[in-house]
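Asks:
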Amino acid sequence: MAPKAGSSASSSKKKNSSGASNDGLKASKFKLPAEYIARPLPVKKYGTKDTCTVVVHPNVLKELEISNGSVCVISKLGTAGVVAVAKPGEEDSHPSNVVMISDTLRAVGNVIFGDRLEIKKIRSQPAYASTVTVGSSVTVEALAEKKIEQLLNDCGIIMPGMTFENFDLGNGATCKLCIADVVDDSLPDLSRCQISDNEDNGIEDSLYLSLPVLYRKGTTEVKLTDNLEPDAKYNLPQALNYDVVGGLAKEVNVLKNTIELPLHQPSLFTQFAVTPPRGVLLHGPPGTGKTMLLRCVANTSNAHVLTINGPSIVSKYLGETEAALREIFDEARKYQPSIIFIDEIDSIAPNRSHDDSGEVESRVVATLLTLMDGMGAAGRVVVVAATNRPNSIDPALRRPGRFDQEVEISIPDADARLDILTKHFSKMSPDRHTLSQDDIKRISLKTHGYVGADLVALCRESVMRTIARGISEGSTESLKVSVEDVEHAMTEIRPSAMREIFLEMPKVYWSDIGGQEELKRKMVEMIQLPLEASATFSRLGISAPKGVLLYGPPGCSKTLTAKALATESGLNFLAVKGPEIFSKYVGESERAIRDIFRKARAAAPSIIFFDEIDALSPDRDGPSTSAAGHVLTSLLNEIDGVEELKGVVIVGATNRPDEIDPALLRPGRLDRHIYVAPPDYAARLQILRKCSMKFSHDEKPDYDIEELAQKTEGCSGAEVVLLCQEAGLAAIMENTDTKSVKARHFEKALSGISRGITPEMLEYYQAFAARGGISA
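First residue of the sequence shown? That's 4 in the working numbering, and the numbers climb one at a time after it.
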C-alpha cells in the first residue's frame with residue numbers, strides 16, 4: 004500500500020527497538036522541518052517556464068521520498084493546497100526550511116512570501132490533457148506552434164491561467180502567452196475549483212485549489228487564440244502587489260526607493276561612500292494599510308523574507324526571546340538580499356523610560372538595537388517595521404542608522420478615498436453594479452474619516468444589502484449594487500477615525516429651526532462652504548475662518564443650529580462637553596483637549612462644537628481656577644498655535660460672551676461672532692405652525708396662530724415650543740382621549756409661561772455686538 008501524503012522516509016518505514024529501519028539502513032540524521040517558509044523563485048536562475056515549479060532542499064525531498072521532477076502539494080497550514088513540480092535546490096546555499104515558488108503558484112494558492120507552508124507527496128501523477136488552448140498578446144499568425152509545444156513540454160505540468168511573459172517569437176520580438184483553457188478526457192469537469200481525495204485521481208488527504216494536468220507531445224492538441232484572457236472559471240486570484248493598493252502612491256514610492264535600491268543596487272551607494280538606509284518604520288492609525296504594504300513588499304521584492312510578529316517570538320524563558328531575534332538576523336545575513344518584517348514593533352520594543360517597562364523588555368530592546376547596528380556591514384539586509392503607536396517605541400530605535408526612514412500611513416483624504424473605492428468597484432464585473440465614476444466620487448466626498456479598511460467594509464456591506472434586497476424581491480439573478488445600497492451601508496459602517504468619539508447625533512435639519520434665515524445663511528457661508536470648497540479658497544488666496552462664536556439669550560437655537568449644521572453638512576462632528584474635559588489629575592484636562600483636536604485633524608474636514616464654551620475659557624483676569632487656565636492655554640495653542648489647524652472649524656456657543664477670555668475671541672481663533680437673537684414674528688409663526696401641525700385632525704382649529712405669534716413677543720424659541728407643549732398637556736389632562744387642542748388650552752398655557760429674556764439682557768448682548776460681533 005502506498006504511503007500517506009506528507010509522510011517522510013523515516014516515518015513510512017517501521018523501525019525496531021535499536022532505531023534501525025527494516026531495510027537495515029541507519030535512520031537519517033537530517034531533521035525534517037515542521038513547516039516551511041515561502042520565498043520567491045529566482046526567475047533569472049530558473050526561467051519563466053518553471054511556472055509550476057517548487058524548489059525544495061534536496062534532503063527534504065529525500066526524506067519525503069519525492070523525486071526530482073515529480074508532483075507534490077504545497078499548502079498554507081490548515082488550508083487547501085496547490086499541485087507543483089518538485090525540484091531540488093543547492094544543498095549548501097538553500098535553507099532546509101525554505102521553499103521557493105513561482106508567481107503562478109503563489110497566486111493560485113493565495114500564498115504570501117513569508118507564509119508558513121507544508122509539503123505533501125502525491126501518490127500518482129495527474130492525468131494528461133487532450134486539448135490545450137493558448138491565448139496570445141499578438142496575432143495567431145505570428146506565433147510559432149512548435150515553439151509553443153516545446154514550451155508546454157518543458158513545463159510538464161500545466162493548469163488554466165498560467166502566464167508566460169516574454170515568449171520569444173524570433174528576430175528579437177517577444178509576446179505574452181496565457182493558457183486559456185484545458186480539456187482532459189479523464190476529468191472533464193475542470194471548472195471545479197476544488198477536488199477531494201478519491202482513488203481515480205490518486206490525490207490524498209487534502210483539497211487542492213488547482214486541478215493540474217500534464218502535457219504530452221503527440222497526444223495533446225494545441226489550439227491558438229488571440230484572446231489572452233482565460234475562461235472566467237479559471238481566473239486566478241489577483242496577487243497582492245502595489246497595483247492593488249489605492250490612495251498610497253506617495254508612500255509606495257518611498258518604500259520602493261528605500262527598500263529595493265539598497266537590496267538590489269547597493270553599489271550605487273558605495274560609489275558615493277555612503278551607507279544605504281537599513282530601516283523603515285511605517286506608522287499610522289489602524290486600518291490604513293500598514294500590514295498590507297508589508298505584504299506587498301514581500302510579494303514584489305525578490306528577496307529572502309523573514310517575519311517577526313511580536314507575541315510569536317516572546318518566550319517565558321530567560322534569554323530565548325533575544326536568541327530568537329539573533330537567529331532571525333543571522334539567517335537574514337546568510338541568505339541575502341533579505342527583508343526582516345516586524346509587525347506591531349511596539350509590543351517587543353517598548354519605551355524603556357516608562358515605569359511599566361520591565362527587565363525583559365529592556366533586554367529585548369537592547370538586543371534589537373545591537374542587531375540593527377550590526378547591519379551596517381551585513382550587506383543587503385533591510386528591516387521594515389509597522390506600528391500604530393510610534394510614540395510607544397523606544398526612542399533609540401528612531402534615529403539614523405536604525406530606522407532611517409519613517410513613513411506615515413495617514414487617514415486617506417478625498418482623492419485617496421476615490422482611488423481606493425475605484426479600485427474596489429473595478430474588481431466587480433460591470434454587470435454587477437450601476438455606479439458611475441461621478442457616483443464613486445460623491446461617495447468618496449462623504450466618507451470623511453474612513454480608513455482603507457472601512458472602505459473595504461463599506462463595499463462589502465453594500466454587496467450584502469444588494470443581496471438582501473434581491474432575496475426579499477425573490478430575484479437574485481440580475482442583482483446590481485446601486486448608489487442607494489452604498490448610502491444605506493454608510494449608516495452601518497462607522498469611520499474608524501471617529502469610533503472612539505462617535506456620537507449618535509439626532510437628525511436636525513435647517514427646516515426644523517423656525518426663522519433665523521440670516522443665521523442659517525451665515526453658518527453655511529462661514530463653515531460649510533470653506534470646508535466643501537477648500538480648493539477654491541486656496542486658489543483665490545482666501546483663508547477660511549477658524550472658528551465661530553454663537554452668542555445670545557438662552558433658548559434661541561444656538562445648540563440646535565450646531566446640530567443642524569452637523570446634519571446638513573455631512574461633516575464629522577465632535578461635540579465637547581465641558582465637565583468631561585476637567586479632571587482631578589494634573590495634565591489630564593490638557594491631554595483631553597489635545598486628543599480632541601488630534602482626532603479632528605485626522606478626520607478632517609470636521610467641526611468641533613463647544614457648548615457653553617465660557618466654562619472652558621474663562622477670562623484669565625477674572626477669578627478663574629488654575630485648571631481652567633491650563634485648559635484655556637491648551638485650547639488657544641490648538642486653535643492657532645505652532646501646528647496649523649487645517650480642515651477643522653471650531654463652533655462655540657454661550658450666553659455669557661463677556662466672560663470668555665479675549666485671546667480666544669481675536670481674529671485667527673473664534674474670529675466670527677454671530678448674535679443669535681430671539682425669534683421675530685415670522686420665526687415665531689413658523690415655530691407655532693410646526694409644533695401644532697398635529698393638534699387638530701379633521702376639524703378647523705378654533706385658535707389663531709397669528710394671534711398667538713403676536714402674544715409671544717419677546718419669547719425665546721424654546722419658550723414658544725414650551726407653549727405648544729403645555730397647551731397639548733392641558734388638553735390631555737382635560738381628556739385623555741382628546742384628538743385636538745383648543746384655544747382655551749393655549750390661553751391656559753400662555754398664562755403660565757414666564758419670559759426669561761429681559762430688556763436688560765438684550766441691551767447686554769447689543770453692547771457686546773457693538774464691539775464687533777455679527778448680528779443675525
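The beta-carbon is built from N, C-alpha and C at its ideal position, and this holds for glycine as well. Fair warning: this is a prediction, and the values are worked out from it, not measured in the lab.
May I ask you to report which of helix, strand or coil DSSP gives Leu711?
Replies: Locating residue 711 in the sequence shown gives position 708, counting from the first residue. It is helical.
Asks: Select from Gly731, Glu323, Leu64 the residue whose C-alpha is nearest the C-alpha of Asp740.
Replies: Mapped onto the sequence shown, residue 740 falls at position 737. Answer by Cα proximity: Gly731.
Asks: Which value, in whole angstroms, describes the spacing of the CA atoms of Leu667 and Leu639?
Replies: In the sequence shown, counting from the first residue as 1, residue 667 sits at position 664. In the sequence shown, counting from the first residue as 1, residue 639 sits at position 636. Distance between the alpha carbons of Leu667 and Leu639: 6 Å.
Asks: Could you check how far apart the C-beta atoms of Val384 and Phe344 are, in whole angstroms? I think they sit under 8 Å.
Replies: As a first step, residue 384 must be located in the sequence shown, where it is residue number 381. As a first step, residue 344 must be located in the sequence shown, where it is residue number 341. About 12 Å; that fails the 8 Å criterion.
Asks: Report the residue from Thr373, Val651, Pro670, Ile677 whose alpha carbon sits nearest the alpha carbon of Asn658.
Replies: Your numbering for residue 658 matches position 655 in the sequence shown. Nearest option by C-alpha distance: Ile677.
Asks: What residue from Ser133, Leu309, Gly164 has the CA that sits closest to Thr223's CA?
Replies: Position 220 of the sequence shown, counting from 1, holds the residue named residue 223. Cα-wise, what sits closest to Thr223 is Ser133.
Asks: Spatial neighbours of Leu217 within its chain, please: C-beta separation below 8 Å, excluding the five flanking residues on both sides.
Replies: For the purposes of this step, residue 217 is taken as residue 214 along the sequence shown, with counting starting at 1. Cβ within range, chain order: Gln128, Pro129, Ala130, Tyr131, Ala132, Gly159, Ile160, Ile161.
Asks: What would DSSP say about Met162, mapped onto helix, strand or coil?
Replies: Working through the sequence shown from its first residue, we reach residue 162 at position 159. Of the three classes helix, strand and coil, the one that applies to Met162 here is coil, per DSSP.
Asks: Which residue comes first and which comes last in the beta strand (DSSP E) that contains Phe613?
Replies: Along the sequence shown, one-based indexing puts residue 613 at 610. Where Phe613 is concerned, the enclosing beta strand (DSSP E) stretches over 609-614.
Asks: State the DSSP-derived secondary structure class of Glu68, mapped to helix, strand or coil.
Replies: For the purposes of this step, residue 68 is taken as the residue at position 65 of the sequence shown. Correct three-state label for Glu68: coil.
Asks: Would the stretch 416-425 count as touching the stretch 445-453 if we require 3 or more Cβ pairs under 8 Å?
Replies: Yes: at least three Cβ pairs fall under 8 Å.
Asks: Just to check my reading of the structure: Leu108 and Cys55 have Cβ atoms closer than 8 Å, yes? What is that Cβ distance to the nearest angstrom?
Replies: Here the question's residue 108 lines up with position 105 in the sequence shown. Here the question's residue 55 lines up with position 52 in the sequence shown. With a Cβ gap of about 6 Å, Leu108 and Cys55 count as contacting.
Asks: If we call anything under 8 Å between Cβ atoms a contact, is Ala685 one with Gly518?
Replies: Residue mapping note: residue 685 aligns to position 682 of the sequence shown, counting from 1. Residue mapping note: residue 518 aligns to position 515 of the sequence shown, counting from 1. The answer is yes: Cβ separation under 8 Å.
Asks: Tell me whether Ile102 is buried or exposed, calling it buried when 16 or more other Cβ atoms sit within 10 Å of its Cβ.
Replies: For the purposes of this step, residue 102 is identified with residue 99 of the sequence shown, where counting begins at 1. In the sequence as presented, Ile is not what sits at residue 102; that position holds Val. Burial call: buried.
Asks: Need the endpoints of the alpha helix (DSSP H) that Asp187 sits in, please.
Replies: Indexing the sequence shown from 1 puts residue 187 at position 184. Segment: none, Asp187 is in no alpha helix (DSSP H) and carries neither H nor E.
Asks: Report all residues from its chain with a CB closer than 8 Å to the CB of Thr469; omit the five preceding and five following residues, and keep chain order.
Replies: One-based indexing of the sequence shown puts residue 469 at position 466. Only Leu482, Lys483, Val484, Ser485, Asp488 meet the Cβ criterion.
Asks: Can you give me the start and stop residues for the beta strand (DSSP E) that Glu121 sits inside?
Replies: As a working note, residue 121 is residue 118 in the sequence shown. First-last of the beta strand (DSSP E) with Glu121: 119-124.
Asks: Does DSSP put Ala352 in a helix, a strand or coil?
Replies: Taking the first residue of the sequence shown as 1, we reach residue 352 at position 349. In the structure shown, Ala352 sits in coil (DSSP, three-state: anything other than H, G, I, E or B).
Asks: So Ile610 and Leu568 are in contact, right, with Cβ under 8 Å, and what is the actual spacing, rounded?
Replies: Your numbering for residue 610 matches position 607 in the sequence shown. Your numbering for residue 568 matches position 565 in the sequence shown. Sure, about 7 Å apart at Cβ, within 8 Å.
Asks: Just grab the DSSP bridge partners of Cys75 for me.
Replies: Reading the sequence shown from its first residue, position 72 is the one you call residue 75. DSSP, once it has assigned bridges, lists Ala87, Lys124 as partnering Cys75.
Asks: Looking only at its chain, what residues have a beta carbon closer than 8 Å to the beta carbon of Lys693, apart from the 5 residues adjacent to it on each side?
Replies: Mapped onto the sequence shown, residue 693 falls at position 690. Contacts found: Asp515, Gly517.
Asks: Just the C-alpha distance for Pro557 and Cys718, rounded to the nearest angstrom, thanks.
Replies: Taking the first residue of the sequence shown as 1, we reach residue 557 at position 554. Taking the first residue of the sequence shown as 1, we reach residue 718 at position 715. Taking the straight line joining both Cα atoms gives about 10 Å.
Asks: Going by alpha carbons, who is nearest to Thr142 out of Leu227, Met165, Gln153?
Replies: If you number the sequence shown from 1, residue 142 lands on position 139. With distances taken between Cα atoms, Thr142 lies closest to Leu227.
Asks: Quick one: what's got a C-beta closer than 7 Å to Leu424's C-beta in the same chain, skipping five residues either side?
Replies: Here residue 424 corresponds to residue number 421 of the sequence shown, with the count starting at 1. Cβ neighbours of Leu424 beyond the five flanking positions: Ile443, Ile446, Ser447, Leu458.
Asks: Let me check understanding here. Comparing Cα to Cα, which of Met764, Thr136, Ile316, Glu325 lies closest to Glu152?
Replies: Position 149 of the sequence shown, counted from the first residue, corresponds to residue 152. Of the listed residues, the one whose Cα sits closest to Glu152 is Thr136.
Asks: Hey, which unbroken runs of the beta strand (DSSP E) at 3 residues or more fall wholly within the stretch 389-441?
Replies: Taking only runs of at least 3 residues, the beta strand (DSSP E) segments lying wholly in the stretch 389-441 are 408-411.
Asks: Take Gly650 as the anchor and find which of Lys293, Asp333, Ala538 has the nearest alpha-carbon.
Replies: Residue 650 sits at position 647 when you count from the first residue of the sequence shown. Taking only the C-alpha atoms, the option nearest Gly650 is Ala538.
Asks: Is it buried or exposed for Pro398, if we count other Cβ within 10 angstroms and need 16 for buried?
Replies: Reading the sequence shown from its first residue, position 395 is the one you call residue 398. Its Cβ having fewer than 16 others within 10 Å, Pro398 is exposed.
Asks: Please list, in chain order, all residues of the same chain as Pro289 whose beta carbon is under 7 Å from its beta carbon, the five residues on each side excluded.
Replies: Translated into positions along the sequence shown, residue 289 becomes position 286. Excluding residues within five positions, the ones whose Cβ falls inside 7 Å are Asn391, Ser499.
Asks: Does the stretch 701-710 touch the stretch 743-762, meaning 3 or more C-beta pairs lie closer than 8 Å?
Replies: Result yes; three or more Cβ-Cβ pairs closer than 8 Å.
Asks: Would you decide whether Ser70 is buried or exposed? Buried here means 16 or more other CB atoms lie within 10 Å of its CB.
Replies: The residue given as residue 70 occupies position 67 in the sequence shown. Exposed.
Asks: Let me confirm a value: Tyr320 is counted as buried when at least 16 other C-beta atoms fall within 10 Å, else exposed. Which label applies?
Replies: For this step, residue 320 is matched to residue 317 along the sequence shown. Per the 10 Å Cβ criterion, exposed.
Asks: Could you give the distance in angstroms between the alpha-carbon of Leu421 and the alpha-carbon of Gly250?
Replies: Here residue 421 is taken as the residue at index 418 of the sequence shown, counted from 1. Here residue 250 is taken as the residue at index 247 of the sequence shown, counted from 1. Straight-line Cα distance between these residues: approximately 8 Å.
Asks: Pro762 and Gly720 - do their beta-carbons sit closer together than 8 Å?
Replies: Here residue 720 is taken as the residue at index 717 of the sequence shown, counted from 1. Here residue 762 is taken as the residue at index 759 of the sequence shown, counted from 1. The answer is no: Cβ separation not under 8 Å.
Asks: In terms of alpha-carbon separation, which member of Ser743, Asn738, Gly755 lies closest to Thr715?
Replies: Position 712 of the sequence shown holds residue 715. That would be Gly755, whose Cα lies nearest to the Cα of Thr715.
Asks: Can you grab the Cα-Cα spacing for the pair Gly473 / Met493, in whole Å?
Replies: Walking along the sequence shown from the start, residue 473 turns up at place 470. Walking along the sequence shown from the start, residue 493 turns up at place 490. Between Gly473 and Met493, the C-alpha separation is close to 19 Å.
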